[in-house]
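Colleague: In full-length UniProt numbering, the protein residues as written are 1 to 260.
Even for Gly, the Cβ is constructed at its ideal location relative to N, Cα and C.
Can you read through this structure? Questions will come right after.
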Amino acid sequence: MDTLPCLITVPHGGTRVPDFLAGRFILPAKDLFDDIDPCTRDIYALSERVSVWKDTDVARPVVDLNRDAGDRPPANPDGVVKTHTCFGVPVYDPAQPMDEALAEKLIATFHRPFHGFIEDTLKTRKDLQIAFDCHTMSELAPPISPDAGKPRPTFCLGNRFGETCPDVIANVFADCLRKVFHLPAREVSLNQPFAGGHITRTYGNRPIPWIQIEMNRKLYLKEPWFDRKELSVDPNRLQFLRNGMGEALRLFFETCDALG
C-alpha cells in the first residue's frame, strides 16, 4: 500500500510524567487522564499509512506542545506549562510550585525538539501535500471554554477560517468523515468550537495546508467501551476508530482534486 503524502502530529496523547518531577507533580491519575487527549496515540496510529507521523509520550499537563512557548502562567494557568488543568485542578505541590527554571527546563527538553522536528520535516520533505494535527475533545465543553457545558459535534475540523487550509480542501475531508462514520452534516463542523491551535496556526500554509482534527470522546469514553474505574478503553473500539480515520484519509486523497 502506498503511503499517503501527509504529516500527522499527535501532541496530546502522552501519559508520561518525567522522573525529575517526582514529589512535585501531584496531579492524580484520573485528572491527568481527563486533561490529555486519551488514547490518541492509538486512534491516530497511522505511521504505516502516512509519510510522516510524530507523537509524544509526555503528558500534556507536563508540557503542552500545542501552545506557544511564551504562553505561560500566571497569565494562562493552562499554558505551555501548567499550574492547573483545563478543569481547574492543581498540577504541582503548593510547596514546590511551577517556577521559571522548571518552565525553561520543560520547554527545552520537550517543546523545542517537537517543534524542531516539524520545522525540519517541512524543510526537507517536499513530497508532503497536507498536514493534520490530531486531537480529541470532551463531549461537553469544560468550564474554561467559551462554550462551557455545551455538547460538541462528533468531529470539528479547524483551518483558522481558511488561513491554514483552503475551505474547499477542509470541506472535502469533512465529507469523507461523514461518509466513513455515517454522520449527518451537522456532526462534522468547521472551526466550531475549535479553529486550530498553536501548531495549526504556526505551520498552516507554510508551505503546506494544515487542518486540526478534533474527535469527540463520546466515540470511545462511554459504555460499553470505557472502564472508568480502570481508565481503560476496549482495544477493538480503538482499532475501529483508527481504521475509520485511515479510510477517511484514503478517501480524501482519492477525491480531493484541490491538493497538489
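1) Hey, V10 and D55: beta-carbon distance below 8 Å or not?
2) Which one of V180, N236, V172 and N191 has the shortest CA to CA distance from C256?
3) Candidates R125, H135, E100 and V180: which alpha carbon is nearest C6's?
4) Specify, as a first and last residue, the run of the beta strand (DSSP E) that V81 falls within.
5) If I measure Cβ to Cβ from F132 and keep anything under 7 Å in the same chain, skipping five residues before and after, which residues do I get?
6) From the DSSP output, which residues share a beta bridge with S232?
7) Is G14 helix, strand or coil by DSSP?
8) With H, G and I counted as helix, E and B as strand and the rest as coil, what does DSSP make of C156?
9) With three or more C-beta pairs closer than 8 Å as the rule, is the region 74–82 touching the region 40–47?
10) I want to know whether the region 221–234 touches the region 159–166 - three or more CB-CB distances under 8 Å.
11) At a cut of 8 Å, does the region 175–183 reach the region 200–209 through at least three beta carbon pairs?
12) Output the distance between the C-alpha atoms of S189 and L238, rounded to the nearest integer angstrom.
13) For C86, which residues from the same chain have a beta carbon less than 7 Å from its beta carbon, with the 5 sequence-adjacent residues on both sides left out?
14) Taking the beta strand (DSSP E) that D64 belongs to, which residues open and close that run?
15) In angstroms, rounded to a whole number, what distance separates the CA positions of L4 and T154?
16) Classify C176 as helix, strand or coil using the three-state DSSP reduction.
17) Given a cut-off of 8 Å on the beta-carbon distance, is the pair P97 and I26 in contact?
18) Could you have a look at Q212 and say whether DSSP puts it in helix, strand or coil?
19) Hey, quick one: how far does the beta strand (DSSP E) through K54 stretch, first residue to last?
20) Report all residues from its chain with a CB closer than 6 Å to the CB of D68; omit the five preceding and five following residues, and keep chain order.
21) Could you pull the DSSP bridge partners for C134 from this structure?
22) With DSSP as the reference, identify every bridge partner of C6, one or two as the case may be.
Modeller: Quick look at the numbers:
1) Numbered from 1 along the sequence shown, position 10 holds the residue referred to as residue 10. Numbered from 1 along the sequence shown, position 55 holds the residue referred to as residue 55. Cβ atoms of V10 and D55: closer than 8 Å.
2) As a first step, residue 256 is located in the sequence shown; it is residue number 256 there, counting from the start. Nearest of V180, N236, V172 and N191 to C256, Cα basis: V172.
3) Taking the sequence shown and counting its residues from 1, the one referred to as residue 6 is at position 6. Residue R125 is the option with its Cα nearest to C6.
4) Indexing the sequence shown from 1 puts residue 81 at position 81. That residue, V81, is in no beta strand (DSSP E); it is neither H nor E in DSSP.
5) Position 132 of the sequence shown holds residue 132. Counting only Cβ-Cβ distances below 7 Å, and skipping sequence neighbours, we find C6, I8, I211 and I213.
6) Taking the first residue of the sequence shown as position 1, residue 232 is located at position 232. Answer is D227.
7) Against the sequence shown, residue 14 aligns to sequence position 14. Of the three classes helix, strand and coil, the one that applies to G14 here is strand, per DSSP.
8) Taking the sequence shown and counting its residues from 1, the one referred to as residue 156 is at position 156. It is a strand residue.
9) no
10) no
11) no
12) Translated into positions along the sequence shown, residue 189 becomes position 189. Translated into positions along the sequence shown, residue 238 becomes position 238. If I take the Cα positions, the gap works out to 22 Å.
13) Within the sequence shown, residue 86 is the residue found at index 86, counting from 1. Cβ within range, chain order: D35, D78, P142 and I144.
14) Translated into the one-based positions of the sequence shown, residue 64 becomes position 64. D64 -> no beta strand (DSSP E), and no H or E assigned at all.
15) Indexing the sequence shown from 1 puts residue 4 at position 4. Indexing the sequence shown from 1 puts residue 154 at position 154. Their Cα atoms are separated by approximately 24 Å.
16) Translated into the one-based positions of the sequence shown, residue 176 becomes position 176. In this structure, C176 counts as helix in the three-state DSSP scheme.
17) As a first step, residue 97 is located in the sequence shown; it is residue number 97 there, counting from the start. As a first step, residue 26 is located in the sequence shown; it is residue number 26 there, counting from the start. No, the pair does not count as a contact, with Cβ atoms beyond the cut-off.
18) Here residue 212 corresponds to residue number 212 of the sequence shown, with the count starting at 1. Strand at Q212.
19) As a position in the sequence shown, residue 54 is number 54, starting the count at 1. Here the beta strand (DSSP E) through K54 covers V50 to D55.
20) Here the question's residue 68 lines up with position 68 in the sequence shown. So the qualifying residues of the chain are H198.
21) For the purposes of this step, residue 134 is taken as the residue at position 134 of the sequence shown. I213, per the DSSP bridge assignment.
22) For the purposes of this step, residue 6 is identified with residue 6 of the sequence shown, where counting begins at 1. In the DSSP output, where bridge partners are listed per residue, C6 has I130.
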